[in-house]
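Chains as they are written, first to last, in this note's numbering: chain A, 1 to 694; chain B, 1 to 324.
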């Protein structure tokens, strides 16, 4: 058994792309080895990556494929041999099978006697196969952004390939990728090891050998080292801890080959700047971890993850350099903060005319006026059922929501739009409700994010998003397939999530109507929101697709009601009675469909004397329908579903004993009318016929 | 961004050790390093540009198959970035050292690291990272992929593999290295304000001449002009005149370069380079108008489109001219 190593040496790959590519390369190598019957069952595959390399080590590779034997069956014996002499047919078959005529055998099966041939194929060597097949796999890797680098543009890849290592144990597999012939020489850390090649003895010792060249090829190992180093560096500040940040951690793991950490400091006076600004500078611009005290408040330190290891003097130099950059950035932020205060948000509304919202629609001034109109409608729909809404605060927040786009701080830190506006509103004494609503206007930014905390923030968030969606749809910018350049799906997801997680008494229809969308546009926007609701239920709430279809069929407008019904249905479907009911409902629906196809009319169940079981079903259904309706109106869905399940004996007996499609037209009509009534009466919570039953 | 504050930056000049590389030494070293590696050293281009990329030595030379290696310092004007000389980290006009390597040698990154050593950066005592940063100039129909090179958390160089220029695929591609000279000098001299950078030092007395002494007046006056004084109507008039001239050249270029009757000499003589300079003038005037707040929302996209039409038009015609 041999070990196979592949390492692709690259110029620095963008950090955000590395983990995905590492996994994909591992998959592709594994699939190739499996497809070519080169992998033993107990084989172990390990993937590695750094900014400058992607690697896979497969332990348990066959040096060559096993030989194979195949039985081919040809023409009938009689046709192939005439008195023992081979005919043209025998010769043709032998040629096709690649064996001499003398090797043909007689095989008998149920149909008679035929000519057979045993074809033996020698397995191909792993080296030969890998050299032929692996380059295609490597060049087939998906990258979000590719480049050409060689003249004539023979291939595209994320960054230029600079070396390739491919080894089967100690032997080089001479494959070629992007003009580079593989060898056994890797490269070490740019600075700590320098440009000298790193010769690998065997595939298996890859990770170990690379450590001597100051490269930690295992990303998990680097993560571990970084965490330990962060802990150690933070220990020098009493009572402090570093702030966890999963995304930042992944970034620095993929920016380093040999990570170490230094602790730096900044002047205490900068702590007067809002924490959001400080953290954004440290995390997004400088990729530093923030340091906080036990109460979670920032302390004037930061942690930088280096891609090198420096001596004590070097440590001082690197720390000084990083502190210098951070100080300049904080100083800038301080300057912008002070500068922006000179023009309060209330004086910035007019200058929104200079900021484009969308070239075919208008400026953010236009957008603000539109948002105000939508927010008024939403407030009107909300007010009767919501006593906590402060409408004037809402309208003030909507009016000022986009003004922070004209501030220097937002021009510098675009990712803080909204947040900065909220902070300025607070600093300028515009009222806490106004400030909080502005602050939260872009939340939730993703499905993992929280919704706005205040009613005004929720309404501002919905007004802003639905206005954007309706206006974009109206000028033909609806998303298509994978193309959604205006992130309208995310906007609609935000609306659904806010409705799902707030107490707002708004339906999707009310939201769309508030946007002012009319005619075909209204229908499109509504369908779009419903599609997003479907997505939310399935992908975010993880309801089964049949549950989602069942509850949406009974109403897709009131988001929280849909969720409550889905939750009740999930619980109810675990009972055997309920499953039987679902199956029966499906049967009823099928019967009604058939009846319609055949042109059978529905009649009244009261028009004839029904068979006993049919009458019992009608009675039971009539009795329960009333109770279920009351429970449904009270939104006591779990109880309502329990009650519906008690219909089972009557339904079972009905299908056992009664022939629904009775030859007598009147009886048949009455039966059809009965099951139609049952279906209608009990489908207000969900269309049970959608439920997949075992 | 008008602000009424005293010009404070030169009040107390920090002491820069005499051994630290001056601003002009930094440029000399970079020029020397790349000249030794076969680059043509050009002088700064003398029409206003926002970046070294826009100078014809980059924008036009990267088109077509002919290999070329060139380096030059390029004062780069961005009117909206002006701060009246009051912000220690921002300039209306900063200096790039721009390098084009076409095609890029396989060891281009190693060469770049050597150039850092050449300006006195001991990499064993610094933290260096290549972080993804892709570059795009929509008005020039140009883009590339690459990195910002971070030294101890400071972006010191933009490293780009050009992929397209003037809306055309490049083959071969080229590597573009853009060193931010002010930043690197402030880093090497350990000063917090660009204006405190020692530009030159008297070899006899060691007396420094600072960046502020050389350039502060220009930053202030050009900020005043770009933000307050520039005559909007006249700026538009200039824009329209330059555009009209460039357009008429491009129209003639099209007829001439696609006609079978044109001789090789006639094609070669055609002044496309002049058309390019006219287009750059439009681009700079647009930037001033923008800083003046004179470009309305509805106009903006349209004006950028007009500049793009000129710039991309020149690139296309230039490629045609070169291949004929």
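Yeah, the Cβ is synthetic: ideal placement off N, Cα and C, and Gly gets one too.
Contact between residue 249 of chain B and residue 274 of chain B is confirmed by a C-beta separation of about 7 Å, below the 8 Å threshold. For the segment 303 to 329 of chain A, the residues whose beta carbon sits under 8 Å from a beta carbon of chain B are, in order, 304, 306, 307, 308, 310, 311, 313, 314, 317, 318, 320, 321, 322, 324, 325, 326, 327, 328. Secondary structure at residue 509 of chain A: helix, using DSSP grouped into helix, strand and coil.
Residue pairing by DSSP places residue 120 of chain A opposite A/69 in a beta bridge.
DSSP places residue 1 of chain A outside any alpha helix (DSSP H), giving it a letter other than H or E.
Judged by DSSP in its simplified three-state form, residue 421 of chain A adopts helix. Nearest CB-CB separation between residue 369 of chain A and chain B: not below the 8 Å threshold.
By the neighbour-count definition (other C-beta atoms within 10 Å, threshold 16), residue 96 of chain B is a buried residue. For the options A/441, A/218, A/682, the alpha carbon positioned closest to that of residue 643 of chain A is the one of A/682. Note on the segment 419 to 481 of chain A: whole alpha helix (DSSP H) runs with a minimum of 4 residues are 419 to 427, 432 to 439, 455 to 474, in chain order. Excluding sequence positions up to five before and after residue 76 of chain B, its CB lies within less than 8 Å of the CB of 49, 50, 51, 52, 93, 94, 95, 96, all in the same chain and listed in chain order. Proximity of residue 134 of chain B to chain A, defined by a Cβ-Cβ separation below 8 Å, is satisfied.
Within chain A, the C-beta atoms nearer than 7 Å to that of residue 129 of chain B come from 255, 307, in chain order. Nearest CB-CB separation between residue 334 of chain A and chain B: not below the 8 Å threshold. Interface with chain B (8 Å Cβ-Cβ cutoff): residue 384 of chain A is excluded. Taking 8 Å as the cut-off between beta carbons, the residues of the segment 158 to 169 of chain B near chain A are 161, 163, 169, in sequence order. Counting only the Cα atoms, residue 69 of chain B lies some 7 Å from residue 38 of chain B. Judged by their CB atoms, residue 173 of chain B and residue 149 of chain A are nearer to each other than the 8 Å cut-off.
Residues of chain B with a Cβ closer than 8 Å to the Cβ of residue 195 of chain A are, in chain order, 110.
Residue 239 of chain A is outside the set of residues whose beta carbon lies under 8 Å from a beta carbon in chain B.
By the rule that beta-carbons nearer than 8 Å mark a contact, residue 307 of chain B does not touch chain A.
Residues of chain B whose Cβ lies closer than 7 Å to the Cβ of residue 14 of chain A are, in chain order, 132. The beta carbons of residue 79 of chain A and residue 89 of chain A sit closer together than 8 Å. DSSP places residue 490 of chain A in the helix class (H, G or I) of the three-state scheme. Listed along the chain, the chain A residues whose CB falls inside 9 Å of the CB of residue 124 of chain B are 191, 192, 308, 310, 311, 314. Here DSSP, grouped into helix, strand and coil, assigns residue 229 of chain B to helix.
Across the structure, residue 497 of chain A and residue 219 of chain A are spaced so that their CA atoms are roughly 35 Å apart.
Annotation for residue 299 of chain A: 240, 291, 293 place their beta carbon closer than 6 Å to its own, counting only its chain and skipping 5 residues before and after.
Under a criterion of Cβ atoms nearer than 8 Å, no residue of chain A is adjacent to residue 288 of chain B; the nearest Cβ is some 16 Å distant.
Taking residue 73 of chain A as reference, the option from A/108, A/64, A/82 with the minimal CA-CA separation is A/108. Rounded to whole angstroms, the Cβ separation of residue 508 of chain A and residue 530 of chain A is 7 Å, and the two are in contact under 8 Å. Scanning its chain for C-beta atoms nearer than 7 Å, with the 5 sequence neighbours on each side dropped, one finds around residue 177 of chain B the residues 99, 112, 157, 159, in chain order. In this structure, the CA atom of residue 204 of chain A is about 23 Å from the CA atom of residue 190 of chain A.
Contact between residue 276 of chain B and residue 312 of chain B fails: their C-beta atoms lie close to 11 Å from each other, not under 8 Å. Residue 26 of chain B sits close to residue 185 of chain B, with the two beta carbons spaced by under 8 Å. Residue environment: residue 523 of chain A is assigned as exposed (fewer than 16 neighbouring CB atoms within 10 Å of its CB, all protein chains considered).
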